[in-house]
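Heads up: the structure comes next, in C-alpha cells.
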Amino acid sequence: MAAYAHELPAFGIEHGLTNYAAAYATGLLLARRTLAKLGIADKFQGAKEADGSYSPVRTKKDDQGDDEERFPFKAILDVGLARTTTGARVFGVLKGAVDGGIAVPHRPNRFPGYNKEKSALNAKVHRDRIFGKHVAEYLKQVKEEASSNPDEKNVQFSKYMSAKVAPESIEGIYKKAHAAIRADPTKSLPKKAKKEVAGHKKHNTKRLTGAERKAAAKAKVAAIRERLGK
1 MAAYAHELPA FGIEHGLTNY AAAYATGLLL ARRTLAKLGI ADKFQGAKEA
51 DGSYSPVRTK KDDQGDDEER FPFKAILDVG LARTTTGARV FGVLKGAVDG
101 GIAVPHRPNR FPGYNKEKSA LNAKVHRDRI FGKHVAEYLK QVKEEASSNP
151 DEKNVQFSKY MSAKVAPESI EGIYKKAHAA IRADPTKSLP KKAKKEVAGH
201 KKHNTKRLTG AERKAAAKAK VAAIRERLGK
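By the UniProt record's numbering, the letter at position 62 of the sequence shown is numbered 62, and the numbering carries on one by one without gaps.
And the structure:
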C-alpha cells in the first residue's frame with residue numbers, strides 16, 4: 001500500500017503539502033488505508049485523538065501470554081537518506097502511522113517538543129505542530145507584513161493568501177482532514193482528462209523495410225550523381 005501527500009486535497013488539505021502537519025496526515029492515511037486493505041481497520045483504530053503524546057507500541061514480540069487473537073500490523077521505519085534531526089517530517093509520517101493503528105517501534109526523542117536534558121516530550125508542542133500551528137503563525141505574520149507593505153510581492157504563502165485561508169482556520173482544516181481520512185481512506189482525487197493539443201504533430205518516423213531503405217539509398221546516390229553531373 002502507498003499514500004502520498006499529493007492525495008491530501010481529496011481530504012480537504014489543499015495547501016502546504018510539504019510541512020510537518022501534512023506529513024502526519026500522510027502517515028495517518030497510509031495506516032488507515034493499509035489496515036482497511038487487510039480488513040482489520042475496525043479492530044485497530046489507533047489513537048482516538050491526535051494529542052501529540054507518546055505511548056510505546058505493542059507487537060507480538062511483547063506478548064506476555066495475553067489472550068490476544070491478533071496483534072497490530074507491524075512496520076519498520078526506513079528513513080533512507082532522509083536526515084533524522086529532531087522535528088524532521090519523516091517522524092511526522094511515523095507519528096501519523098502509529099496514531100492510525102500501525103505498530104511502528106520508535107522512541108519520542110525525535111518528535112518536536114522533546115527536551116533532551118529532561119528526557120521528556122512536551123505533547124502540547126508536538127500537537128501544535130501536528131495541527132499546523134506553526135503554519136498559522138507564519139501565515140499571520142506574512143499577512144501583517146503584506147498589509148503594511150501592499151506593493152511588496154510575497155511569494156511565501158501566496159497560495160494560502162490567494163485562497164483567502166485565515167490563520168485561525170488552519171487547525172480546523174487538519175481536524176476535518178483527519179476525520180475524513182478515517183471515514184474513507186480509499187478516497188482519491190478524480191483523474192484529470194488528458195488534453196489533446198489541436199494541431200499537434202507526431203514526429204515519430206515510420207520504420208522502413210529493408211527494400212525501402214535500399215531504394216531510398218539508391219535514390220539518394222542518384223540525386224548526388226545528378227548534382228555532380230556524372
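Where is the CB? At the ideal position from N, CA and C, for every residue including glycine.
State the beta-bridge partners of residue i as determined by DSSP.
i    : result
N115 : A120
A217 : For A217, which the question treats as bridged, DSSP gives no partner whatsoever.
K74  : A103
Which residue from the options puts its Cα closest to that of residue i?
i    : options                   : result
R107 : I173, T86 and R127        : T86
M1   : A10, A163 and R33         : R33
A103 : P190, G92, E7 and F71     : F71
A88  : T18, V221, A5 and K37     : T18
S162 : D78, A211, L139 and A180  : L139
G132 : E144, V221, A166 and A215 : A166
T186 : G16, Y20, Q156 and A36    : A36
K48  : A179, K194 and R225       : A179
V135 : L121, P150, N122 and S158 : S158
G168 : D184, K192 and K143       : This sequence places Glu at residue 168; Gly is not what is there. Taking only the C-alpha atoms, the option nearest E168 is K143.
G16  : K194, Q156 and E212       : Q156
S119 : R227, K194 and N109       : N109
P9   : K195, K191 and N149       : K191
H126 : E226, G92 and I224        : G92
D99  : R213, E212, A31 and K218  : A31
For residue i and residue j, which I take to be in contact (beta-carbon distance under 8 Å), what is that distance rounded to the nearest angstrom?
i    : j    : result
A50  : I130 : 5 Å
N101 : G46  : The sequence given here has Gly at residue 101, not Asn. Sure, about 4 Å apart at Cβ, within 8 Å.
P7   : L189 : The sequence given here has Glu at residue 7, not Pro. 7 Å between Cβ atoms; contact.
S3   : L38  : Correcting the residue identity first, residue 3 is Ala in this sequence and not Ser. Between L38 and A3 the Cβ distance is about 15 Å, and since that is not below 8 Å, they are no contact.
V90  : A82  : 5 Å
I181 : F73  : Their Cβ separation, rounded to whole angstroms, is 17 Å, which puts I181 and F73 out of contact at 8 Å.
L77  : L94  : 5 Å
Runs of alpha helix (DSSP H) wholly within the stretch 14–41 (minimum 4 residues, chain order): 20–38
4-residue-minimum alpha helix (DSSP H) runs that sit fully inside the stretch 124–182, ordered along the chain: 133–148 and 158–162
The stretch 205–222 contacting the stretch 46–58, beta-carbon criterion three pairs below 8 Å: no
The stretch 10–30 in contact with the stretch 168–188 per 3-pair CB rule at 8 Å: yes
contact_flag[the stretch 111–126, the stretch 38–49] where n(CB pairs < 8 Å) is 3 or more: no
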